[in-house]
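Engineer:
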């Protein structure tokens, strides 16, 4: 048996198809993308090595790119501020709910199952000036002065789009916390209750500290996810009006696949990936410090 | 693990939220998450005039005209079957490749197995944006752009890391004895894989299949990069194209969105346990 298990030919037969396919289609392109960012590469093909010129152009001339960096950072903050507290709250309420827990879970999670394309169009209707839910709700509440084309104004469009992204993914983050909370041994909570702790104290002194590793994972998911925000923006505003919702990924898409500037687009892809790596490192380091102070 | 969380809390629940505000909060959020979808649903049966008159009201008479229009006149049927074809092929390929690789990683003995698994697990973190441009250039050189095969390749390979992660986690858990007795009976490793490992892994394979199917079915980013002809579009891309083309026929767009939404909502209602298991496996990997 052991001899059969060690047979090189069998191992290769089973693992090589997946491995080779993956290396060729997924791993190799990452390296290629990095390399391409140092070339002038447009519709006519590779025009030669230009060093850091693509990057310099991004940071000095390209105002849309500068705007997009600000927008993704804003999206990152807003997503963390909206999604994390609500996801934790919902997960916590569900751990204390016996009847219908699964039904609530399924309903909160439902928007995750729907294509962002459908979600985006649905919310364009919710924000619609003439028949949108939001405006007619405002009218019904006597706030008719606030009625406006929410996605058509440069001042509101960005926030409105980000709110939809939050709405779609809160259920996903809730599942993560719910899973973590349910894995906390019950005896700990019981001991706290016997010692006279109320639920509020139990949550902050026991549940929350035990959630910190999962908070880190989730915060990394939220921040890197919002840095890469693309499809919801593409569907709802396509970066407009006047680039007020432009994200790094949408700008990259437009320049690369509409403008056919492959080298320039690759530089943006590299910066985006570096931002994701950087935020992951920062969060890992700061959570390490937090965990140390708690211990 | 799922159920042991509540017994003591229940005993002490008088300390915190009494049940009423808790249920009220949950209900408010239920409305927030579900009402837009219900609104979408019943508005798809209205006429445009009814929609403008009162967006909150139920349809005066329920008519399927919008669905007929979206499905046949506006190509949604084509987009739908394109999606079925692309996702169906991609699922079969990715399940096959990932089951084989997981088998090799967990049930065969070789030194590099942990390294290969790590390669797949780490690459789950790589953003799609980082690979899109070279993939596009590579595929256009090979003449695959604007063909379904490009999406089938990208979807099936894109699903490998999470599939291998879940499947190898499962395959590692069952004892070696079963295989040993089969081998004594003279079965080869290939037979063993097909007739023992695969049947035992059924549940995990189902989880992976459902989870990755939903991801593929909903993908927009890859589709807009690799497809351009209307008749080739998958449902999410076609939906966006539809919305642009028929931008003033709102109720028909409502119907098209509803058509795109139904399959995954239906699948989720049936298989929410598997899908949520997939999510938790994928996100809590660290």
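Residue numbers (our numbering), protein chains in the order written: chain R, 1 to 295; chain F, 296 to 581. Heads up, the beta-carbon is just placed ideally off N, CA and C, and yes, glycines get one too.
Assuming contact is defined by CB atoms lying nearer than 7 angstroms, are residue 522 (chain F) and residue 555 (chain F) in contact in what I supplied?
Structural biologist: Residue numbering aside, residue 522 (chain F) sits at position 227 when the second chain is read from its first letter. Residue numbering aside, residue 555 (chain F) sits at position 260 when the second chain is read from its first letter. Cβ distance not < 7 angstroms, so residue 522 (chain F) and residue 555 (chain F) don't count as in contact.
Engineer: Would you report the Cα separation of residue 516 (chain F) and residue 52 (chain R), rounded to the nearest angstrom?
Structural biologist: The residue given as residue 516 (chain F) occupies position 221 in the second chain. The residue given as residue 52 (chain R) occupies position 52 in the first chain. Rounded to the nearest angstrom, the two C-alpha atoms are 28 angstroms apart.
Engineer: Based on Cα-Cα distance, which residue from R:138, R:123, R:155 and R:2 lies nearest to residue 243 (chain R)?
Structural biologist: Reading the first chain from its first residue, position 243 is the one you call residue 243 (chain R). Residue R:155 is the option with its Cα nearest to residue 243 (chain R).
Engineer: Kindly indicate which residue of F:362, F:457, F:354 and F:547 has the alpha-carbon position closest to the one of residue 507 (chain F).
Structural biologist: For the purposes of this step, residue 507 (chain F) is identified with residue 212 of the second chain, where counting begins at 1. For the residues F:362, F:457, F:354 and F:547, the minimum Cα distance to residue 507 (chain F) belongs to F:457.
Engineer: If you reduce the DSSP assignment to three classes, tell me which class residue 415 (chain F) lands in.
Structural biologist: Here residue 415 (chain F) refers to the residue found at position 120 when the second chain is read from its first residue. The answer is helix: DSSP assigns residue 415 (chain F) an H, G or I state.
Engineer: List, in chain order, every chain R residue whose beta-carbon is nearer than 8 angstroms to that of residue 354 (chain F).
Structural biologist: Position 59 of the second chain, counting from 1, holds the residue named residue 354 (chain F). Chain R residues near residue 354 (chain F): none, gap ~14 angstroms exceeds 8 angstroms.
Engineer: To the nearest angstrom, report how far apart residue 45 (chain R) and residue 257 (chain R) are at their CA atoms.
Structural biologist: For the purposes of this step, residue 45 (chain R) is identified with residue 45 of the first chain, where counting begins at 1. For the purposes of this step, residue 257 (chain R) is identified with residue 257 of the first chain, where counting begins at 1. Going from the Cα of residue 45 (chain R) to the Cα of residue 257 (chain R) covers about 13 angstroms.
Engineer: With a floor of 3 residues, list each beta strand (DSSP E) that falls wholly inside the region 207 to 247 of chain R, ordered by position along the chain.
Structural biologist: Taking only runs of at least 3 residues, no beta strand (DSSP E) segment lies wholly in the region 207 to 247 of chain R.
Engineer: Candidates F:509, F:525, F:419 and F:324: which alpha carbon is nearest residue 455 (chain F)'s?
Structural biologist: Here residue 455 (chain F) refers to the residue found at position 160 when the second chain is read from its first residue. The shortest Cα separation from residue 455 (chain F) among F:509, F:525, F:419 and F:324 belongs to F:419.
Engineer: Using a beta-carbon distance below 7 angstroms, is residue 265 (chain R) in contact with chain F?
Structural biologist: Along the first chain, one-based indexing puts residue 265 (chain R) at 265. With 7 angstroms as the cut-off, residue 265 (chain R) counts as an interface residue toward chain F.
Engineer: Quick check: the Cα distance between residue 459 (chain F) and residue 414 (chain F), rounded to an integer number of angstroms?
Structural biologist: Taking the second chain and counting its residues from 1, one reaches residue 459 (chain F) at position 164. Taking the second chain and counting its residues from 1, one reaches residue 414 (chain F) at position 119. Computed Cα separation, rounded: 11 angstroms.
Engineer: Please classify residue 70 (chain R): is it buried, with 16 or more other beta-carbons within 10 angstroms of its beta-carbon, or exposed?
Structural biologist: Along the first chain, read from residue 1 onward, the residue named residue 70 (chain R) stands at position 70. With fewer than 16 other Cβ atoms within 10 Å, it is exposed.
Engineer: Going by the CB atoms, is the gap between residue 401 (chain F) and residue 484 (chain F) shorter than 7 angstroms?
Structural biologist: Locating residue 484 (chain F) in the second chain gives position 189, counting from the first residue. Locating residue 401 (chain F) in the second chain gives position 106, counting from the first residue. No. Outside cutoff.
Engineer: Establish whether the CB of residue 73 (chain R) and some CB of chain F are separated by less than 7 angstroms.
Structural biologist: Taking the first residue of the first chain as position 1, residue 73 (chain R) is located at position 73. Residue 73 (chain R) does not count as touching chain F.
Engineer: Give the residues of chain F in contact with residue 122 (chain R), contact being defined as C-beta atoms less than 7 angstroms apart.
Structural biologist: Here the question's residue 122 (chain R) lines up with position 122 in the first chain. Per Cβ cutoff of 7 angstroms: 331, 335 and 552.
Engineer: Return yes when the Cβ of residue 103 (chain R) is within less than 7 angstroms of the Cβ of residue 177 (chain R), no when it is not.
Structural biologist: Sequence index remark: in the first chain, residue 177 (chain R) carries index 177 (1-based). Sequence index remark: in the first chain, residue 103 (chain R) carries index 103 (1-based). No. Outside cutoff.
Engineer: Look up residue 150 (chain R) in the DSSP assignment and give the residues it is bridged to.
Structural biologist: Position 150 of the first chain, counted from the first residue, corresponds to residue 150 (chain R). Answer is none; residue 150 (chain R) lacks a bridge partner.
Engineer: Around the Cβ of residue 195 (chain R), are there at least 16 other Cβ atoms within 10 angstroms (buried) or fewer (exposed)?
Structural biologist: Residue numbering aside, residue 195 (chain R) sits at position 195 when the first chain is read from its first letter. Looking at its Cβ environment, which holds fewer than 16 other Cβ atoms inside 10 Å, residue 195 (chain R) is exposed.
Engineer: If we ignore side chains and look at the alpha-carbon of each, how far apart do residue 349 (chain F) and residue 245 (chain R) end up?
Structural biologist: Residue 349 (chain F) sits at position 54 when you count from the first residue of the second chain. Residue 245 (chain R) sits at position 245 when you count from the first residue of the first chain. Rounded to whole angstroms, residue 349 (chain F) to residue 245 (chain R) spans 30 angstroms at the Cα level.
Engineer: Can you give me the Cβ contacts of residue 359 (chain F) inside the same chain, cut-off strictly under 8 angstroms, excluding the 5 residues immediately before and after it?
Structural biologist: In the second chain, the residue the question calls residue 359 (chain F) occupies position 64. Within the same chain, residue 359 (chain F) has close Cβ partners 340.
Engineer: According to the Cβ coordinates, are residue 160 (chain R) and residue 79 (chain R) closer than 7 angstroms?
Structural biologist: In the first chain, counting from the first residue as 1, residue 160 (chain R) sits at position 160. In the first chain, counting from the first residue as 1, residue 79 (chain R) sits at position 79. No; because the gap between Cβ atoms is not below 7 angstroms, this pair is not in contact.
Engineer: So, do the region 362 to 374 of chain F and the region 545 to 555 of chain F have three or more beta carbon pairs nearer to each other than 8 angstroms?
Structural biologist: Verdict: yes, contact present.
Engineer: Is there at least one non-hydrogen atom of the ligand NAP closer than 6 angstroms to the beta-carbon of residue 563 (chain F)?
Structural biologist: Here there are no bound small molecules, and the ligand NAP is not part of this structure.
Engineer: Identify every run of the alpha helix (DSSP H) within the region 379 to 431 of chain F, keeping only runs that are complete inside it and at least 4 residues long; order them along the chain.
Structural biologist: Here the runs fully enclosed are 408 to 417.
Engineer: I'd like to know whether the C-beta atoms of residue 530 (chain F) and residue 378 (chain F) end up nearer to each other than 7 angstroms.
Structural biologist: Residue 530 (chain F) sits at position 235 when you count from the first residue of the second chain. Residue 378 (chain F) sits at position 83 when you count from the first residue of the second chain. Closer than 7 angstroms, so yes.
Engineer: Rounded to the nearest angstrom, how far is the Cβ of residue 450 (chain F) from that of residue 381 (chain F), given a contact under 8 angstroms?
Structural biologist: Start at 1 with the first residue of the second chain, and residue 450 (chain F) comes out as number 155. Start at 1 with the first residue of the second chain, and residue 381 (chain F) comes out as number 86. Indeed they touch by this definition, with Cβ atoms about 7 angstroms apart.
Engineer: At a Cβ threshold of 7 angstroms, is residue 17 (chain R) touching chain F?
Structural biologist: Your numbering for residue 17 (chain R) matches position 17 in the first chain. Cβ-Cβ to chain F under 7 angstroms: yes for residue 17 (chain R).
Engineer: If we ignore side chains and look at the alpha-carbon of each, how far apart do residue 238 (chain R) and residue 250 (chain R) end up?
Structural biologist: Here residue 238 (chain R) refers to the residue found at position 238 of the first chain. Here residue 250 (chain R) refers to the residue found at position 250 of the first chain. Taking the straight line joining both Cα atoms gives about 7 angstroms.
Engineer: Go ahead and pull the three-state DSSP assignment for residue 464 (chain F).
Structural biologist: By one-based count along the second chain, residue 464 (chain F) stands at place 169. Residue state, collapsed to three classes: helix.
Engineer: Nearest chain F C-beta to residue 164 (chain R) closer than 7 angstroms, yes or no?
Structural biologist: Residue mapping note: residue 164 (chain R) aligns to position 164 of the first chain, counting from 1. By this cut-off, residue 164 (chain R) is not an interface position.
Engineer: Kindly give me the distance between the Cβ atoms of residue 17 (chain R) and residue 432 (chain F), rounded to whole angstroms, as I take these residues to be in contact under 8 angstroms.
Structural biologist: Along the first chain, one-based indexing puts residue 17 (chain R) at 17. Along the second chain, one-based indexing puts residue 432 (chain F) at 137. Wrong, their Cβ atoms sit about 24 angstroms apart, outside the cutoff.
Engineer: For the beta strand (DSSP E) that residue 49 (chain R) lies in, which residues bound it at each end?
Structural biologist: The residue labelled residue 49 (chain R) in the question sits at position 49 within the first chain. It spans 45 to 49 - the beta strand (DSSP E) in which residue 49 (chain R) sits, taken as one unbroken run.
Engineer: Hey, would you say residue 180 (chain R) sits closer than 7 angstroms to residue 214 (chain R), going by beta carbons?
Structural biologist: Residue mapping note: residue 180 (chain R) aligns to position 180 of the first chain, counting from 1. Residue mapping note: residue 214 (chain R) aligns to position 214 of the first chain, counting from 1. Yes; because the gap between Cβ atoms is below 7 angstroms, this pair is in contact.
Engineer: Counting only the same chain and skipping the five closest in sequence on each side, list residues whose C-beta sits under 7 angstroms from that of residue 498 (chain F).
Structural biologist: In the second chain, counting from the first residue as 1, residue 498 (chain F) sits at position 203. Correct list: empty, nothing qualifies.
Engineer: Just to confirm before moving on: does the CB-CB distance between residue 120 (chain R) and residue 232 (chain R) stay below 7 angstroms?
Structural biologist: For the purposes of this step, residue 120 (chain R) is taken as the residue at position 120 of the first chain. For the purposes of this step, residue 232 (chain R) is taken as the residue at position 232 of the first chain. The answer is yes: Cβ separation under 7 angstroms.
Engineer: Kindly list, in the order they appear in chain F, the residues whose Cβ is closer than 7 angstroms to that of residue 255 (chain R).
Structural biologist: What you label residue 255 (chain R) is simply residue 255 of the first chain in a count that begins at 1. Those do not exist, as residue 255 (chain R) stays about 10 angstroms from chain F at its closest Cβ, beyond 7 angstroms.
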